[in-house]
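Undergrad: Read the sequence shown against the numbering used here and you will find it ends at 431, with the numbers running on by one and no gaps. First the structure, which I've put down as structure tokens, then a few questions once you've had a look.
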Amino acid sequence: MNILAIVVPLLALSFPFAFAESSNIGSMYWKQEIISPNSFVDIYVHDDDMNKKEYPNFADKFTIYVWSDSSPSGLEIPVVETGVYSGIFKGRVFIADSGDTAKNRLVSMPGDTVYAKYVDFTMPDGSTSDIFSAAIVKISGQNMNPLLDEIDPNFRMSKSAETVPAWVKNNAGWWADGSIDDASFVHGIQFLIKANVLEVDSTTSSEKNDEIPPWVKNNAGWWAEGQITESDFLSGINHLVKNGIISVSQNSIESVSDSIVSECESIKSNYKRLNCEKEIKQNLEYAEFKKSSDAYPVGSITYYYPGIGNFGNEFEISSSGQAMLRLRILAENNGSEVVSLKCTGPSICNYDVWDGSKSFKYAGMDFVSGQIPINPGTSIIFNMMFGPNIGYGGNQFLYDPSKNYDFRVDESFGNVEIPLKIE
């Protein structure tokens, strides 16, 4: 019974029980130990025990506490699970050298130590543990290593620390001893790669092989028993990808998605079954969209743009000579409050296209009632089209191949120009 609950990590209904079987000690680290002033920095918490969710198709979130030498009172920031099943949580804070500490903005002077604290309430013995991580704000032109060396070694954890969820190690052990078959293990690993939980080299060799070498399974067993490192295990997974045993092509995404969605058929309620399918497909699409995009943080919102020719972003010249630009942008709320994107009409819209001298207003968009609210820890994809003049303060989109075009965001929470790279 226990094996069945975890053997199929892809099933929306069975998967969460994997995290209730045992407890583990969480960990935390800053993405960079040396942080540039006036920039965003990410912080990660790894704790599979925090996957205690009532609704298994949604990523979890909680808060951690951050502070600095200049802002000892600090603030709380949300950390949101990077994937529904990852057990890896990411938060983002803006390190500012002026102004006030508020929301996700932490005032920290060059040379400051910045700290983060996570309280692990799910220790194996039932107690709690305070977990800390620290980093340094860069002083321009100065070697920061002496300041880093002054930090408590227990507060420093490099990005190379183990990042694979603990339940994957359990499954590796069961695969090695024959409790689950090759197909089940490969299927699960394939999904994790697609969801960006595992990062591997996706370069594929011209020579394909359908058989898994014995040493890869041996590595999985030794890793599960703690005899080799996580990197040794991942070298085996990289081998499977390189030789085409695990596919990372677009077709494989669709087949994995279809097989996961098929598990929703066991839900009797039509409404709940449709919601199950929708959430799984949406999560897969968002993961692939983000993986293929450049990220542009603006306040608590990060915009993702994959470029023309990808995910519905298109540019063409119609038979009448009209330039038509269709944009599809993903917006992710990394904050703790609901944020609304606003655009009520061509003349009153926080989004346009800019060619360096002229602003172009949309000809079509999908902002309902002039705004799109985004809940904390969630993402949406919005669409905008630029082309003919539809009136209401709009204008015609004109294309000049000698110019560079940007998609401009000018919201109350910040602004950014996203290069469109139209060719």
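Cβ coordinates follow ideal geometry from the N, Cα and C atoms, glycine included.
Let me confirm a value: N162 is counted as buried when at least 16 other C-beta atoms fall within 10 Å, else exposed. Which label applies?
TA: When all chains shown are included, N162 counts as exposed.
Undergrad: P427 bridges to which residues according to DSSP?
TA: For P427, which the question treats as bridged, DSSP gives the partners D414.
Undergrad: Give me the Cα-Cα distance between Q290 and F297, rounded to the nearest whole angstrom.
TA: Their Cα atoms are separated by approximately 10 Å.
Undergrad: Starting from L155 and walking both ways along the beta strand (DSSP E), at which residues does that stretch end?
TA: Careful: L155 lies outside any beta strand (DSSP E), inside the alpha helix (DSSP H) at 153-157.
Undergrad: Could you check whether V87 and F95 sit closer than 7 Å to each other, using their CB atoms as the reference points?
TA: In the sequence as presented, Phe is not what sits at residue 95; that position holds Gly. No, they are not a contact pair.
Undergrad: Using the C-alpha atoms, what's the distance from V249 back to L114?
TA: Going by the C-alpha atoms only, they are around 41 Å apart.
Undergrad: Is it the case that the segment 47-54 contacts the segment 345-357, given that we only count it when at least three CB pairs across the two stretches are under 8 Å?
TA: No, they do not touch.
Undergrad: Provide the residue span of the beta strand (DSSP E) that contains A124, from first to last.
TA: Note, A124: beta strand (DSSP E), 121-128.
Undergrad: What number of angstroms, rounded off, separates the C-alpha of E215 from the C-alpha of N251?
TA: For E215, the pLDDT reaches just 49, beneath the cut-off of 50, and the residue's location in the model is therefore unreliable, leaving the point undetermined.
Undergrad: I need the straight-line Cα distance from E322 to F193, nearest angstrom please.
TA: Straight-line Cα distance between these residues: approximately 38 Å.
Undergrad: Please confirm whether V122 and S47 have their CB atoms less than 7 Å apart.
TA: For V122 and S47, no; Cβs fall outside 7 Å.
Undergrad: Rounded to a whole number of angstroms, what is the C-alpha to C-alpha distance between M332 and G395?
TA: Going by the C-alpha atoms only, they are around 5 Å apart.
Undergrad: Comparing C-alpha positions only, which one of D105, A180, I220, Y400 sits nearest to G234?
TA: Among D105, A180, I220, Y400, the Cα nearest to that of G234 is on A180.
Undergrad: Thinking Y126 and I72 are a contact (beta carbons under 8 Å), I'd like their distance in whole angstroms, please.
TA: Indeed they touch by this definition, with Cβ atoms about 5 Å apart.
Undergrad: Which whole-angstrom value is the C-beta distance of S308 and F421, which I expect to be below 8 Å?
TA: That pair is a contact at about 7 Å.
Undergrad: Are the beta-carbon atoms of Y413 and D360 separated by less than 7 Å?
TA: It is not a contact, given that the beta carbons lie outside the stated cut-off.
Undergrad: Let's see if you can read the secondary structure: which residues bound the beta strand (DSSP E) around N227?
TA: Looking at the DSSP string, N227 is not in any beta strand (DSSP E); the run it does join, the alpha helix (DSSP H), is 222-232.
Undergrad: Would you check if there are 3 or more beta carbon pairs closer than 8 Å linking the segment 374-394 to the segment 333-344?
TA: Taking 8 Å as the limit for Cβ pairs, the verdict is that the segment 333-344 does touch the segment 374-394.
Undergrad: Under the rule that 16 or more other beta-carbon atoms within 10 Å means buried, what is S116, buried or exposed?
TA: So S116 ends up on the buried side.
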